[in-house]
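Colleague: One structure, as structure tokens, below. Some questions next.
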Amino acid sequence: MTQAQPVAVTAPRRMVDGRERVTLNTAYVRALETAGLVPLAVPTMVAADRAAAALAAVRGLVLTGGEDVAPDRYGATPHPRLGDVDPVRDAAELALIAAARSRRLPILAICRGIQILNVALGGTLYQDLDSERPSLVPHSDETTQHAVRVAAGSLLERTLGMRSATVNSRHHQAIRDLAPCLKAVAWADDGVIEAAEPADANAAWMVAVQWHPEDLTERALFDGFARAVA
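Counting with my numbering, you get residues 7 to 236 for the letters of the sequence shown.
Quick look at the structure:
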């Protein structure tokens, strides 16, 4: 029997009943466990100089959803409709990304995850899609889903096994300028980038998506991540 491999999952801090706590959506835990992995929470307040140590015992990194990325991380001024930011989380996740890449660990980035990953690698973001790139696609509507088209021959296509998908959409930020070392591999009907992966075919496994696969019945992304981790 194949031994289940441990993976790090970023766990943000939240105020619960007046106390600051580290939390993790159980949907991530269930999806990763179903894929045969052991999810280990890494608080997003870990010091940058301890990021490598935080990943020492794991075989992969999952970047989870959450707050907006602070615009000063990509040289922008705050937009009037910028949401909550957590500079401590930004710093921690940037350090975790660097540490994971130095070890060529597989990375699965989800929602905010694709945004902080893009910023870490030199890209920029739309701070508010509705005002900066308005369209009829319901990007920030939790009650609806929309279509995405997937690039032929991409790692994402091989992982999903399909050229199109219907996904949930709970974000008001998105990639504006793609990081030089990434390539877009999925788009909404309005052209907003919905997924990215390394431009270099020899790079370590990395898939970043703007939607929340942990809340969908389709588990192909987590299964693909598990194969990369094994």
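We treat Cβ as the ideally placed atom computed from N, Cα and C, and that holds for glycine. Everything numeric in this text was worked out from a predicted model, so none of it was measured.
Could you compute how far the alpha carbon of Glu203 sits from the alpha carbon of Pro186?
Modeller: Looking at the two C-alpha atoms, the distance is approximately 11 Å.
Colleague: By the three-class DSSP mapping on this structure, what secondary structure does Asn174 have?
Modeller: The answer is strand: DSSP assigns Asn174 an E or B state.
Colleague: Below 8 Å on the Cβ atoms is my guess for Glu220 versus Ala37; work out the distance and round it to an integer in Å.
Modeller: That belief holds up - the Cβ atoms of Glu220 and Ala37 are roughly 4 Å apart, short of 8 Å.
Colleague: Are the beta-carbon atoms of Glu39 and Leu69 separated by less than 8 Å?
Modeller: No; because the gap between Cβ atoms is not below 8 Å, this pair is not in contact.
Colleague: So who's on the other strand from Ala47, going by DSSP bridges?
Modeller: For Ala47, which the question treats as bridged, DSSP gives the partners Val15.
Colleague: When the distance is taken between beta carbons, is Val64 closer than 8 Å to Leu46?
Modeller: Their beta carbons are under 8 Å apart, which means Leu46 touches Val64 by this criterion.
Colleague: Is His85 near Asp23, with beta carbons less than 8 Å apart?
Modeller: Their beta carbons are not under 8 Å apart, which means His85 does not touch Asp23 by this criterion.
Colleague: Would you say Arg109 and Leu61 are within 8 Å of each other, going by their C-beta atoms?
Modeller: Contact flag set, yes.
Colleague: Let me confirm a value: Asp74 is counted as buried when at least 16 other C-beta atoms fall within 10 Å, else exposed. Which label applies?
Modeller: Answer is buried; the Cβ neighbour count reaches 16.
Colleague: From the DSSP output, read off the bridge partner residues of Ile240.
Modeller: Given that the chain is displayed from residue 7 to residue 236, the structure contains no residue 240 and the question cannot be resolved.
Colleague: Return helix, strand or coil for Glu73, following the three-state DSSP convention.
Modeller: If DSSP states are grouped into helix, strand and coil, Glu73 belongs with coil.
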